[in-house]
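**Q**
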Amino acid sequence: MALIEVKDLKKIYGNDGTETPALNGVSFGIEAGDFVSIIGPSGSGKSTLLHILGFLDKHTKGDYKFDAKGFNDYSKTEIAHVRNKKMGFVFQAFNLLPRTKVLDNVKLPLLYSDIKESKWNDLAMEAIRAVGLEHRINHESSQLSGGEKQRVAIARALVNDPQVIFADEPTGNLDSKSGQAIIDILKKLNQEKGHTILLITHEIEIAEQTKRIIRLLDGKIESDKKL
Amino acid sequence: MKIKYTLRTAFISLKINKSRSILTILGIVIGITAIMLIMSLGVGAQELILSDIQSLGANTIIVMPGREPKGPTDPSAIESLYSDSLKQRELDALKNKSNVPKLKEIMPIVFSVETVSFSGETFRPTILGASDLLAKIFDIYPSQGAYFTDEQIKSKAKVALIGIKTKEELFGDSDAVGQKIKIKDQALEVIGVFPKKGQVLFFNADESVVMPYTTAQQYVFGIKHFNRIIIQVESESEIPRTVQDIEITLRNLHNIDNPDNDDFFVATQGEIADTLKTVTSVLTLFLVAVAAISLIVGGVGIMNVMLVSVTERTREIGLRKALGATEKNILFQFLIEAITITGSGGVVGILLGSILSFVAALGLSYFMGINWAFAFPLNGAILGLAVSVFVGLIFGIHPAYKASKKSPIEALIYE
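Just so you know, the sequences run in chain order A and B. Numbering of the first sequence is given in our numbering, commencing with residue 8 and proceeding in unit increments. Numbering of the second sequence is given in our numbering, commencing with residue 15 and proceeding in unit increments.
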């Protein structure tokens with residue numbers, strides 16, 4: 008069974024008569040170790056799909072299983088633990104804690120894990136080394152460039168050694184050079200450490216560097232091809 | 015989750031949002047300090063007023079001229095100041111043992127403010143005409159010189175004792191005893207100086223000039239009547255009977271049949287204390303109302319800062335949830351933050367409130383020359399702390415609770 012199993016997934020916003028479907032019956036599977044990009048124009052439902060896959064939001068109809076279990080098979084606390092241990096998130100807007108050091112930002116997920124505090128520094132440093140920011144650990148997030156901020160966010164997503172990294176337009180706020188650096192890091196994580204990566208983008212040049220492209224249009228899969 | 019680290023997280027967030035934390039703490043500090051100060055001053059004032067009255071002694075009766083005022087707005091309260099219904103004739107009648115058998119001591123008093131001068135220096139103290147009973151009743155004895163004698167009262171001797179402030183104003187550091195001060199072109203010899211005493215009941219002893227009542231009537235005020243007659247009896251149990259005796263004596267003397275037509279009235283220390291207790295409890299009630307308003311204002315301030323600060327951190331809550339925080343984790347963090355803020359505000363507020371109340375009591379004692387007692391406003395401290403902490407916790411935690419219930423993505427994209 009695939010790590011991620013999606014069957015006829017629907018997400019409908021609004022329940023006051025004016026129903027707006029964001030996802031309109033989507034089915035696919037993603038194996039562990041894959042590097043998948045989801046592309047499509049804005050409003051095609053790609054962000055909604057990622058949020059549902061990351062248990063950040065709940066789908067309306069259909070079926071979604073992560074590691075053979077769905078949203079309703081977990082309690083709220085268990086969902087939080089799944090997000091903490093098995094998933095890593097990278098957002099377009101970085102979402103770092105303001106006026107907080109790089110090291111403390113990266114440690115944030117460890118706070119909610121059952122890992123001993125004595126190991127936190129080593130784990131955080133390892134993640135920071137993986138994104139090449141070891142010279143910046145004592146800088147506050149506001150002192151970093153956009154590319155560096157996104158690398159901190161990736162380190163934060165990595166620190167709990169998750170099975171999947173969900174990246175929602177990670178290069179969207181970056182220039183092409185910094186954006187490419189981010190993609191290079193993600194590629195390396197996929198190849199060397201075997202992290203499954205799900206990447207949302209609207210840039211075809213970036214999507215073409217992944218192993219598989221799922222193209223969404225109006226809440227439906229338009230095409231799904233392996234590269 | 016590690017409690018130690020949660021505590022640290024909370025402290026880090028407080029440090030990150032330094033100005034917000036300080037503002038909230040300040041709101042709590044001001045609320046608590048204000049209510050403590052107000053309550054402390056209220057209690058102090060009450061004790062001061064009552065202790066002054068009680069210093070009169072429970073066996074004291076005061077006879078005043080005019081009709082008894084029915085309330086603070088009754089004009090007869092002012093008429094009483096000018097009424098001349100109590101004169102030597104009345105004094106003699108009251109002194110008569112067959113009229114008022116239980117009378118132990120009796121002293122007429124005349125008083126007003128007049129200009130006093132000595133070699134170019136002038137001052138306007140309270141001029142008090144009395145007898146040496148004044149010393150016993152108010153516990154003021156001269157530190158230099160001596161009181162006037164009964165002989166001097168009878169002979170309308172031109173002698174006076176002066177309060178310490180009067181002495182300093184007129185004589186500075188030089189000796190006053192033996193010198194002659196001038197009041198209304200009359201020269202009076204200073205025969206004594208009172209030590210620092212402050213306010214006693216209706217006059218300030220430090221700013222006084224005390225002389226035989228006969229002298230004051232004849233040479234200073236030019237009147238024949240008295241402003242008060244103070245009577246003391248052997249014990250408190252004789253008060254009701256003596257009050258009756260006084261009323262009957264004066265009514266007979268003035269041919270009054272109907273008590274409603276009395277041109278004098280009699281008050282006892284107990285009655286005055288009761289009246290003042292009503293006044294001071296109204297005062298206290300008023301102060302509590304003011305304090306309540308200051309607490310509401312403080313509470314609204316705390317509420318606002320907490321509400322805004324927690325609401326603007328909805329995105330942070332969303333992020334923390336996305337990274338694996340449970341609802342409990344979020345609540346715990348904000349609970350600790352709110353407790354830290356309200357707790358430190360509470361401690362600082364109580365300290366500041368105590369210090370300021372103490373300083374205020376000290377300052378009032380020093381500058382007004384009164385014996386203002388410091389009372390630790392425990393009620394104020396508890397009330398202020400309870401309200402601030404309650405408001406701080408509710409409005410610190412409730413928005414966080416609401417935010418923690420949102421789905422992570424809803425909180426993350428919250429604007």
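Ideal Cβ positions, reconstructed from N, Cα and C, are used throughout, including at glycine.
What does residue 239(B) pair with, by DSSP beta-bridge criteria?
**A** The partner list for residue 239(B) (beta bridge, DSSP) reads 101(B).
**Q** Would you list the residues sitting across from residue 77(A) in a DSSP beta bridge?
**A** For residue 77(A), which the question treats as bridged, DSSP gives no partner whatsoever.
**Q** Is it true that the CB of residue 201(A) sits closer than 8 Å to the CB of residue 47(A)?
**A** Result no, Cβ atoms of residue 47(A) and residue 201(A) do not sit closer than 8 Å.
**Q** Under the three-state reduction of DSSP, which class applies to residue 175(A): helix, strand or coil?
**A** Residue state, collapsed to three classes: strand.
**Q** So that I know if they touch, is there some Cβ in chain A lying closer than 8 Å to that of residue 339(B)?
**A** Interface residue, yes.
**Q** Between 404(B), 173(B), 200(B), 250(B), which has its C-alpha nearest residue 73(B)'s C-alpha?
**A** Considering only alpha carbons, the answer is 250(B).
**Q** Taking C-alpha atoms, which residue in 114(B), 143(B), 403(B) lies nearest to residue 227(B)?
**A** Among 114(B), 143(B), 403(B), the Cα nearest to that of residue 227(B) belongs to 143(B).
**Q** Does the separation of the CB atoms of residue 104(A) and residue 112(A) fall below 8 Å?
**A** Yes, the Cβ-Cβ distance between residue 104(A) and residue 112(A) is below 8 Å.
**Q** Answer yes or no: do residue 174(A) and residue 97(A) have a C-beta to C-beta separation smaller than 8 Å?
**A** Yes; because the gap between Cβ atoms is below 8 Å, this pair is in contact.
**Q** As an exercise, report each continuous beta strand (DSSP E) stretch of at least 3 residues that is fully enclosed by the segment 236-292 of chain B, in chain order.
**A** Those beta strand (DSSP E) runs which fall completely within the segment 236-292 of chain B and span 3+ residues are 242-247, 278-282.
**Q** Kindly indicate which three-state DSSP category residue 387(B) falls into: helix, strand or coil?
**A** Of the three classes helix, strand and coil, the one that applies to residue 387(B) here is coil, per DSSP.
**Q** Tell me whether residue 145(B) is buried or exposed, calling it buried when 16 or more other Cβ atoms sit within 10 Å of its Cβ.
**A** The residue is buried, with at least 16 neighbouring Cβ atoms inside 10 Å.
**Q** Can you list, in chain order, the residues of its chain whose CB lies under 8 Å from that of residue 145(A), leaving out five sequence neighbours each side?
**A** Correct list, in chain order: 108, 109, 110.
**Q** Mark residue 295(B) as exposed unless 16 or more other C-beta atoms lie within 10 angstroms of its C-beta, in which case mark it buried.
**A** Classification for residue 295(B): exposed.
**Q** Measuring only the C-alpha atoms, how far is residue 423(B) from residue 57(A)?
**A** The straight-line gap from Cα to Cα measures roughly 11 Å.
**Q** Does the beta carbon of residue 415(B) sit closer than 8 Å to a beta carbon anywhere in chain A?
**A** Judged by the 8 Å Cβ criterion, residue 415(B) is not in contact with chain A.
**Q** In terms of residues, what are the limits of the beta strand (DSSP E) holding residue 201(B)?
**A** That run of the beta strand (DSSP E) goes 200-207.
**Q** List the DSSP bridge partners of residue 222(A).
**A** DSSP lists 46(A), 230(A) as partners of residue 222(A).
**Q** Express the C-alpha separation of residue 163(A) and residue 28(B) in angstroms, rounding to a whole number.
**A** Straight-line Cα distance between these residues: approximately 22 Å.
**Q** Count the other CB atoms, across all protein chains shown, that sit within 10 Å of the CB of residue 397(B); report buried if there are 16 or more and exposed otherwise.
**A** Buried, because 16 or more other Cβ atoms sit within 10 Å of the Cβ of residue 397(B).
**Q** In this structure, does DSSP put residue 318(B) in helix, strand or coil?
**A** Residue 318(B): helix per DSSP, three-state reduction.
**Q** What residues from chain B crowd round residue 44(A), counting only those whose CB sits closer than 9 Å?
**A** The contacting residues do not exist; residue 44(A) stays about 20 Å from chain B at best.
**Q** Pull up the distance between the alpha-carbon of residue 98(B) and that of residue 78(B), whole angstroms please.
**A** Each residue's Cα considered, the two are about 10 Å apart.
**Q** List, from N- to C-terminal side, the alpha helix (DSSP H) runs of 4 residues or more that fit wholly inside the segment 119-174 of chain A.
**A** DSSP runs (the alpha helix (DSSP H)) wholly in the segment 119-174 of chain A: 127-137, 153-165.
**Q** Starting from the beta carbon of residue 136(A), find every residue of chain B whose beta carbon is closer than 7 Å, and list them in chain order.
**A** What residue 136(A) touches in chain B: nothing, since even the nearest Cβ is about 20 Å away.
**Q** Which residues share a DSSP beta bridge with residue 143(B)?
**A** 124(B), 225(B), per the DSSP bridge assignment.
**Q** Answer yes or no: do residue 140(B) and residue 316(B) have a C-beta to C-beta separation smaller than 8 Å?
**A** Taking 8 Å as the Cβ cut-off, residue 140(B) and residue 316(B) do not qualify as a contacting pair.
**Q** Using only the alpha-carbon positions, how far apart do residue 123(B) and residue 241(B) sit?
**A** Roughly 6 Å between the two C-alpha positions.
**Q** Mapping the DSSP letters down to three states, classify residue 154(B) as helix, strand or coil.
**A** Three-state DSSP puts residue 154(B) in coil, outside helix and strand.
**Q** Counting only Cβ-Cβ distances shorter than 9 Å, please list the residues of the segment 318-342 of chain B near chain A, keeping chain order.
**A** So the close ones are 329, 330, 332, 333, 334, 335, 336, 337, 338, 339, 340, 341, 342.
**Q** Which first and last residues belong to the alpha helix (DSSP H) in which residue 413(B) is found?
**A** From DSSP, the alpha helix (DSSP H) with residue 413(B) extends over 392-419.
**Q** Show which residues of chain A have a CB atom less than 8 Å away from the CB atom of residue 421(B).
**A** Correct list: 63, 64, 65.
**Q** Under the three-state reduction of DSSP, which class applies to residue 31(B): helix, strand or coil?
**A** DSSP places residue 31(B) in coil when its eight states are reduced to three.
**Q** Could you tell me whether the segment 284-298 of chain B touches the segment 125-138 of chain B, where touching means 3 or more Cβ pairs closer than 8 Å?
**A** The answer is no - the segment 125-138 of chain B does not touch the segment 284-298 of chain B, with fewer than three Cβ pairs under 8 Å.
**Q** Express the C-alpha separation of residue 227(A) and residue 219(A) in angstroms, rounding to a whole number.
**A** Cα to Cα, the separation comes out at about 17 Å.
**Q** Using the Cα positions of residue 375(B) and residue 391(B), report the straight-line distance between them to the nearest angstrom.
**A** Near 12 Å, if we compare the C-alpha coordinates of residue 391(B) and residue 375(B).
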